[in-house]
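Visitor:
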Amino acid sequence: MLAYIVRRLLLMIPTLFGIMVINFLIIQAAPGGPVEQMIQKIKGTGVSATERVSGGGSELLSARSQTTQSAGQGGSKIYRGAQGLDPQLIKRLEHMYGFDKPLPERFAMMMSNFLRFDFGNSYTSGRPVVDLILEKLPVSISLGLWTTLLTYLVCIPLGIAKAVRDGTPYDVWTSTVIIAGSAIPSFLFAILLIVLFAGSSYFHWFPLRGLTSENWDQLSLWGKITDYFWHMTLPLLSLTIGSFATLTMLTKNSFLEQINQQYVTTARAKGLTERRVLYGHVFRNAMLIVISGIPAAFIGIIFTGALLTEIIFSLDGLGLLGYEAAINRDYQVVFATLYAFGLMGLLVQLIGDITYMLIDPRIDFEARGT
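Numbering (our numbering), first residue to last: 288 to 657.
#1: According to DSSP, is ASN408 part of a helix, a strand, or is it coil?
#2: Can you tell me whether GLN545 is buried or exposed, with buried defined as 16 or more other CB within 10 angstroms of its CB?
#3: What's the gap between the Cα of LEU521 and the Cα of GLN636?
#4: Quick check: the segment 544 to 558 against the segment 482 to 496, are at least 3 beta-carbon pairs closer than 8 Å?
#5: For THR624, is the classification buried or exposed, using 16 other Cβ atoms within 10 angstroms of its Cβ as the cut-off for buried?
#6: Tell me the rounded alpha-carbon separation between GLU611 and LEU645.
#7: According to DSSP, is PRO415 part of a helix, a strand, or is it coil?
#8: Beta-carbon separation of GLY604 and VAL426 under 8 Å?
#9: With a threshold of 7 Å on Cβ separation, who are the neighbours of ASP228 within its own chain once the five nearest residues in sequence on each side are excluded?
#10: Where do the ends of the alpha helix (DSSP H) carrying SER530 lie?
#11: Report the rounded CA-to-CA distance for GLU561 versus ARG555, giving the unit in angstroms.
#12: Report, in whole angstroms, the separation of the C-beta atoms of LYS539 and ALA450, which I expect to be a contact under 8 Å.
#13: In terms of alpha-carbon separation, which member of PRO472, PRO494, LEU424 lies closest to PHE600?
#14: Is it buried or exposed, GLY362, if we count other Cβ atoms within 10 angstroms and call 16 or more buried?
#15: Hey, how far is the Cα of SER357 from the Cα of LYS378?
#16: Please state if the CB of GLY629 and the CB of LEU303 are separated by a distance shorter than 8 Å.
#17: Report yes or no: do the segment 565 to 575 and the segment 470 to 485 share at least 3 C-beta pairs separated by less than 8 Å?
#18: Applying the 10 Å Cβ sphere with the 16-neighbour rule, what's the burial state of THR463?
#19: How would you label PRO301, buried or exposed, when you count the other beta carbons within 10 angstroms and need 16 or more for buried?
#20: Just to confirm before moving on: does the CB-CB distance between LEU595 and SER412 stay below 8 Å?
#21: Based on Cα-Cα distance, which residue from ILE447, LEU289, LEU312, ALA395 lies nearest to LEU537?
#22: Does GLU392 pass the burial test, meaning 16 or more other C-beta atoms within 10 Å, or should it be called exposed?
#23: Restricting to Cα atoms, I'd like to know which of LEU475, PRO444, PHE476, ALA477 is closest to THR461.
#24: Where does THR455 land, buried or exposed, given buried means 16+ other C-beta within 10 angstroms?
#25: Taking the beta carbon of GLY305 as the centre, do at least 16 other beta carbons fall within 10 Å, making it buried, or is it exposed?
#26: May I have the straight-line CA-CA distance separating ALA290 from ILE578, to the nearest angstrom?
#27: Tell whether a beta-carbon distance below 8 Å holds between ILE471 and ILE512.
#28: Helix, strand or coil for TYR515 per DSSP?
#29: Return the CA-CA distance between TYR566 and TRP509, expressed in angstroms with no decimal places.
#30: For HIS518, I'd like the list of residues in its chain whose CB is within less than 7 Å of its CB, leaving aside the five on either flank, ordered along the chain.
#31: Quick check: what's the CA-CA separation for ASN408 versus LEU298?
#32: So VAL620 packs on LEU607, CB below 8 Å; how close in whole Å?
#33: Give the range of the alpha helix (DSSP H) segment to which TYR566 is assigned.
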């Protein structure tokens with residue numbers, strides 16, 4: 288197993304490199320980069336917008352006056368809105384953001400820094416990107432872990448129960464409820480939960496926003512735990528409602544396929560109880576395909592599924608951070624989050640494969656040379 292893990296870790300290097308190359312080229316081709324963003328701030332807000340360009344010094348404090356004085360000089364033809372700006376100012380902006388270097392050199396420098404987990408500073412806030420990621424990471428991991436755990440704890444027993452009672456009224460009405468629930472978008476269900484249970488004219492059982500209360504630091508340990516789950520209840524419900532149908536039906540169909548196998552008939556003929564047959568023989572084989580979806584589900588919930596939920600419930604996580612960075616063309620944060628999620632996804636996929644081998648020793652990726 289050790290040799291297989293080493294091979295997979297080495298394979299992550301070109302995979303992650305390919306992910307970063309594709310995203311780097313796509314983002315560079317998108318209009319409205321950080322230079323254009325700063326040009327708009329300079330032309331619209333004057334000196335306060337240029338203080339960040341010079342790092343608080345006096346070198347570019349007269350950018351507003353330069354904008355007026357250089358009107359008619361032609362300005363830069365490269366950036367939208369640069370007409371009338373001093374070309375020297377444009378060059379300073381390009382140097383500040385690293386756009387005065389060729390594209391391959393910029394990518395090589397970025398990857399060299401990323402290998403050392405040096406993500407630089409945010410263009411928007413000026414803070415180190417690592418600090419931003421570490422600050423937002425607990426929120427997204429909390430949503431991802433609890434949503435995945437809750438979904439699997441509910442859907443696997445429900446899928447087994449549906450497989451055992453296949454074709455019965457229980458199977459029919461539970462399928463109806465599950466499919467109806469999955470048809471509701473998670474963000475719409477989140478809004479419905481807020482209207483019903485968070486500060487509306489109906490009930491005020493749960494908080495409207497945030498992950499903790501304002502008096503968090505003054506609470507006892509038990510008070511902090513209950514306060515945390517009190518805030519997490521509605522976001523978790525909104526995220527799990529859409530995951531029930533796929534996982535439940537996958538579990539049911541996987542169990543039905545295994546129940547009809549010859550080894551199950553043989554186990555029953557030997558006098559084993561139905562519970563022993565299901566959980567001692569069928570469960571191990573049926574769960575392989577279910578476990579394969581854990582990494583994708585976890586990463587999907589953190590980055591995509593939780594995005595709208597974080598916005599609606601004002602949860603300051605990585606999804607919201609990446610979205611705001613993309614809107615503001617904060618390339619440092621965009622590339623750092625892509626790198627972090629890509630690396631996290633590859634590592635979680637490896638953990639899923641290792642779990643395969645732990646559940647079923649017959650699966651040996653190392654013997655297959657994969």
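For glycine and all other residues, C-beta sits at the position ideal for the given N, C-alpha and C.
Just so you know, these numbers come straight off a predicted model, no measurement behind them.
Guide: Per the coordinate set shown:
#1: Position 121 of the sequence shown, counted from the first residue, corresponds to residue 408. ASN408 falls in the strand class under three-state DSSP.
#2: Position 258 of the sequence shown, counted from the first residue, corresponds to residue 545. Counting Cβ neighbours within 10 Å, GLN545 comes out buried, since at least 16 surround it.
#3: Start at 1 with the first residue of the sequence shown, and residue 521 comes out as number 234. Start at 1 with the first residue of the sequence shown, and residue 636 comes out as number 349. Rounded to the nearest whole angstrom, the C-alpha separation of LEU521 and GLN636 is 29 Å.
#4: Result no; under three Cβ-Cβ pairs closer than 8 Å.
#5: By one-based count along the sequence shown, residue 624 stands at place 337. Its Cβ being crowded by 16 or more others within 10 Å, THR624 is buried.
#6: Working through the sequence shown from its first residue, we reach residue 611 at position 324. Working through the sequence shown from its first residue, we reach residue 645 at position 358. Going by the C-alpha atoms only, they are around 40 Å apart.
#7: Start at 1 with the first residue of the sequence shown, and residue 415 comes out as number 128. PRO415 falls in the strand class under three-state DSSP.
#8: Counting from 1 along the sequence shown, the entry for residue 604 is found at position 317. Counting from 1 along the sequence shown, the entry for residue 426 is found at position 139. Inclusion of GLY604 and VAL426 in the CB contact set at 8 Å is warranted, their separation being smaller than that value.
#9: No information on residue 228 is available, as it lies outside the stretch 288 to 657 that the chain covers here.
#10: For the purposes of this step, residue 530 is taken as the residue at position 243 of the sequence shown. SER530 -> no alpha helix (DSSP H), and no H or E assigned at all.
#11: One-based indexing of the sequence shown puts residue 561 at position 274. One-based indexing of the sequence shown puts residue 555 at position 268. Cα-Cα distance, rounded: 7 Å.
#12: The sequence position of residue 539 within the sequence shown is 252, counting from 1. The sequence position of residue 450 within the sequence shown is 163, counting from 1. Indeed, because the Cβ distance is near 5 Å, the residues count as touching under 8 Å.
#13: Here the question's residue 600 lines up with position 313 in the sequence shown. When only C-alpha atoms are compared, the closest one is PRO494.
#14: Position 75 of the sequence shown, counted from the start, is the residue given in the question as residue 362. Low per-residue confidence applies at GLY362: pLDDT is 41, beneath 50, and the placement is therefore not dependable enough to give any value.
#15: Along the sequence shown, one-based indexing puts residue 357 at 70. Along the sequence shown, one-based indexing puts residue 378 at 91. Here the model assigns SER357 a pLDDT of 40, short of 50, so the residue's position is not dependable and the matter cannot be decided.
#16: Position 16 of the sequence shown holds residue 303. Position 342 of the sequence shown holds residue 629. Yes, the Cβ-Cβ distance between LEU303 and GLY629 is below 8 Å.
#17: Using a Cβ-Cβ distance cut-off of 8 Å, the segment 565 to 575 and the segment 470 to 485 are not in contact, since fewer than three pairs of beta carbons, one from each stretch, lie closer than that value.
#18: Walking along the sequence shown from the start, residue 463 turns up at place 176. By the neighbour-count rule (16 or more Cβ atoms within 10 Å), THR463 is not buried but exposed.
#19: As a working note, residue 301 is residue 14 in the sequence shown. Exposed, since its Cβ has fewer than 16 Cβ neighbours within 10 Å.
#20: Locating residue 595 in the sequence shown gives position 308, where the first residue counts as 1. Locating residue 412 in the sequence shown gives position 125, where the first residue counts as 1. No, Cβ-Cβ distance for LEU595 and SER412 is not below 8 Å.
#21: Along the sequence shown, one-based indexing puts residue 537 at 250. Selected option, being the one with the closest Cα: ILE447.
#22: For the purposes of this step, residue 392 is taken as residue 105 along the sequence shown, with counting starting at 1. Answer is exposed; the Cβ neighbour count stays below 16.
#23: Here the question's residue 461 lines up with position 174 in the sequence shown. Looking from the CA of THR461, the closest CA among LEU475, PRO444, PHE476, ALA477 belongs to PRO444.
#24: Against the sequence shown, residue 455 aligns to sequence position 168. Label assigned to THR455: exposed.
#25: As a first step, residue 305 is located in the sequence shown; it is residue number 18 there, counting from the start. By the neighbour-count criterion, in which a residue is buried when 16 or more other Cβ atoms sit within 10 angstroms of its Cβ, GLY305 is exposed.
#26: By 1-based counting over the sequence shown, the position of residue 290 is 3. By 1-based counting over the sequence shown, the position of residue 578 is 291. The alpha-carbon separation between ALA290 and ILE578 amounts to approximately 22 Å.
#27: In the sequence shown, the residue the question calls residue 471 occupies position 184. In the sequence shown, the residue the question calls residue 512 occupies position 225. Against a cut-off of 8 Å, the Cβ pair of ILE512 and ILE471 comes out as no contact.
#28: Taking the first residue of the sequence shown as position 1, residue 515 is located at position 228. TYR515 carries a helical assignment under DSSP once its states are collapsed to helix, strand and coil.
#29: As a working mapping, residue 566 is identified with position 279 in the sequence shown. As a working mapping, residue 509 is identified with position 222 in the sequence shown. Distance between the alpha carbons of TYR566 and TRP509 is about 36 Å.
#30: The sequence position of residue 518 within the sequence shown is 231, counting from 1. Shown here for HIS518: same chain residues with a beta carbon closer than 7 Å to its own, the five before and five after excluded, namely PRO494, GLY497, LEU498, THR499 in chain order.
#31: Here residue 408 is taken as the residue at index 121 of the sequence shown, counted from 1. Here residue 298 is taken as the residue at index 11 of the sequence shown, counted from 1. Straight-line Cα distance between these residues: approximately 29 Å.
#32: Numbered from 1 along the sequence shown, position 333 holds the residue referred to as residue 620. Numbered from 1 along the sequence shown, position 320 holds the residue referred to as residue 607. VAL620 to LEU607, Cβ: 11 Å. No contact.
#33: One-based indexing of the sequence shown puts residue 566 at position 279. Boundaries cannot be given for TYR566, as no alpha helix (DSSP H) includes it and DSSP labels it neither H nor E.
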